[in-house]
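Sequential numbering from 1 applies to the sequence shown in full-length UniProt numbering. Note that CB positions come from ideal geometry on N, CA and C, so glycine has one too. In this text the structure is predicted, and so the values were computed from the model without any measurement. Data first, discussion second: the structure below is written as structure tokens.
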Amino acid sequence: MDKGSPMSLASRAPMKRGKYVTMSMAKKAAIIKLVDSGRSQADVVKEFHISRQTISDYIKNKQKIWRRRESLLNVVRRMSAKAPTLSSRRPFLFGRSQQWPARFPAPKPPQTQS
């Protein structure tokens, strides 16, 4: 082949990279779990539409991914434990009194004209 032939130009063209997508920790953990449970990497590649190298990277960094996932879950648990309940945000709707709050005047019923 000479240098100007289309075949030699095509072979030197750079490969086009796929779109960069950030995978959530939950998906990474699910992928690791599937591979650890015995599913082949090829099956997981097809299911999640990711490269085999990505799966290999996840398996290699398995401990780091599990630790990160656990720390995120702990943050969510702490936030939900501290979250105010509906009754603490609106005490006048629940609890000792079912009355209209004193600081707001009670709505007046519409007057009918006779």
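- Within 10 angstroms of the beta-carbon of V75 lie fewer than 16 other beta-carbons, which makes it exposed.
- Linking F48 to W66 through their CA atoms gives a straight-line distance of about 19 Å.
- Closest in C-alpha terms to K28, from the list T112, S80, E70, comes E70.
- In its chain, beyond the 5 residues on either side, I32, V35 have a beta carbon closer than 7 Å to the beta carbon of I59.
- The C-alpha of K64 lies about 11 Å from the C-alpha of D57.
- Counting along the chain, the unbroken alpha helix (DSSP H) around N74 starts and ends at 62-82.
- Taken atom to atom, the span from the alpha-carbon of K82 to that of K16 is near 48 Å.
- In this structure, the CA atom of V44 is about 18 Å from the CA atom of Y20.
- Close CB contacts of R77 within its chain, under the 8 Å cut and outside five residues either way in sequence, are absent.
- DSSP places S37 outside both helix and strand once states are collapsed to three, so it counts as coil.
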